[in-house]
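In the UniProt record's numbering, the protein residues as written are 1 to 344. Note that the Cβ used here is the ideal one computed from N, Cα and C, for glycine as well.
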């Protein structure tokens, strides 16, 4: 009933009136400031011994100039103080990045209508971050499901087909003439190599070792595969006494490690990479650092995907290039109920 009465009172809903009230109140604020300055200036001129002739005498020009300067200066100072929060709001707008969300909000108290504007902007940021987090979670969940489906098809269909081909080649080699056996052996090795590649792709798409043996074993297997394929020297440092982590957190750590190592092999021209997963006070920290050329000039889809995954578990991800070269990716995952110390 009250909402209906509000609508009937002036023909528009309460939210629309609130949007109209903010600029209207700002208008009256500026009007009152200017009116106050001009009124004060008029009173000062009226009570002062200064007079203005018609036409204006030359000796009266400095008095009028000083009075105008004082009025304009007072008006500028009052307007600047009144509108200063708008500058802070514009600065916050420029540095807001939903992929680097840190709960950065503008605090403003005791400034009337501008407080309403700032609170509205903060509420908009809250909605955007919540909607972005929800949409990213749905997208990544769909991506994981699709990866699982493709991995199962590779393993169950293509893998089994290649296995049948291998068995057929073995029987053919046993019955083939001596002059054809070398060629058939070469074909057999090619098919076997293809089968191994299919299995590796399936493991990367769906890390079954993560579900079966846990995070540390999955990271160890991942590092071993990368070292074998790329000839990189992978140095592993993992803490065996990690706190219990949820399945979502373990999957995020695994996928970010996987993407980081992939970027190292493709872009860094590195010869060595260090992978560490350690427990710190109130947090678990993943670090992937290489000795390559460094210098991340522009973040691509891979790094953006890592940032989205980090946001899903409330973690922070930083990508830096130390002065000595190389690139370091650092993921800090706060433990539930334990605040983490601020890190640079």
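Extent of the continuous alpha helix (DSSP H) to which residue i belongs
i: residue 269; result: Here residue 269 belongs to no alpha helix (DSSP H), and DSSP marks it neither H nor E.
i: residue 95; result: 61-95
i: residue 182; result: 178-205
i: residue 304; result: 301-312
i: residue 283; result: Per DSSP, residue 283 belongs to no alpha helix (DSSP H); it is in the beta strand (DSSP E), 283-290.
i: residue 244; result: No alpha helix (DSSP H) holds residue 244; DSSP gives it neither H nor E.
i: residue 208; result: 208-213
i: residue 156; result: Careful: residue 156 lies outside any alpha helix (DSSP H) and carries neither H nor E.
Beta-carbon gap between residue i and residue j smaller than 7 Å
i: residue 128; j: residue 118; result: no
i: residue 290; j: residue 264; result: yes
i: residue 223; j: residue 275; result: yes
i: residue 33; j: residue 89; result: no
i: residue 284; j: residue 232; result: no
i: residue 260; j: residue 288; result: yes
i: residue 227; j: residue 209; result: no
i: residue 251; j: residue 279; result: no
i: residue 292; j: residue 269; result: yes
i: residue 173; j: residue 184; result: yes
i: residue 277; j: residue 318; result: no
i: residue 300; j: residue 335; result: no
Span of the beta strand (DSSP E), counted from its first residue to its last, around residue i
i: residue 319; result: 316-320
i: residue 328; result: 328-334
i: residue 235; result: 233-238
Residues of its chain near residue i, where Cβ-Cβ distance is below 8 Å and the 5 sequence neighbours each way are ignored
i: residue 158; result: 198
i: residue 187; result: 169
i: residue 48; result: none
Spatial distance of residue i from residue j (CA atoms)
i: residue 69; j: residue 82; result: 20 Å
i: residue 146; j: residue 235; result: 32 Å
i: residue 320; j: residue 229; result: 26 Å
i: residue 240; j: residue 216; result: 8 Å
i: residue 327; j: residue 87; result: 35 Å
i: residue 91; j: residue 84; result: 11 Å
i: residue 312; j: residue 130; result: 11 Å
i: residue 256; j: residue 116; result: 40 Å
i: residue 204; j: residue 245; result: 21 Å
i: residue 138; j: residue 305; result: 13 Å
i: residue 214; j: residue 247; result: 10 Å
i: residue 126; j: residue 94; result: 16 Å
i: residue 307; j: residue 41; result: 57 Å
i: residue 59; j: residue 43; result: 21 Å
i: residue 333; j: residue 153; result: 34 Å
i: residue 322; j: residue 271; result: 16 Å
i: residue 149; j: residue 141; result: 12 Å
i: residue 303; j: residue 176; result: 53 Å
i: residue 324; j: residue 258; result: 24 Å
i: residue 136; j: residue 143; result: 10 Å
i: residue 55; j: residue 124; result: 58 Å
i: residue 171; j: residue 156; result: 22 Å
i: residue 211; j: residue 120; result: 44 Å
i: residue 160; j: residue 267; result: 34 Å
i: residue 314; j: residue 262; result: 24 Å
i: residue 31; j: residue 80; result: 14 Å
i: residue 182; j: residue 189; result: 11 Å
Residue i, buried or exposed, once every other Cβ within 10 Å from all chains shown has been counted against 16
i: residue 253; result: buried
i: residue 331; result: buried
i: residue 206; result: buried
i: residue 310; result: buried
i: residue 66; result: exposed
i: residue 329; result: buried
i: residue 61; result: exposed
i: residue 249; result: buried
i: residue 218; result: buried
7 Å CB neighbourhood of residue i in its chain, flanking five on each side removed
i: residue 192; result: 166
i: residue 162; result: 191, 194, 195 and 198
i: residue 37; result: 71, 74, 75 and 78
i: residue 178; result: none
i: residue 39; result: none
i: residue 122; result: 105 and 106
i: residue 1; result: With a pLDDT of only 45 at residue 1, under the threshold of 50, the placement of this residue in the model should not be trusted, and no figure is reported.
Beta-carbon contacts of residue i that lie in its chain and below 6 Å, excluding the five residues immediately before and after
i: residue 134; result: none
i: residue 151; result: 202, 205 and 206
i: residue 286; result: 253, 277 and 331
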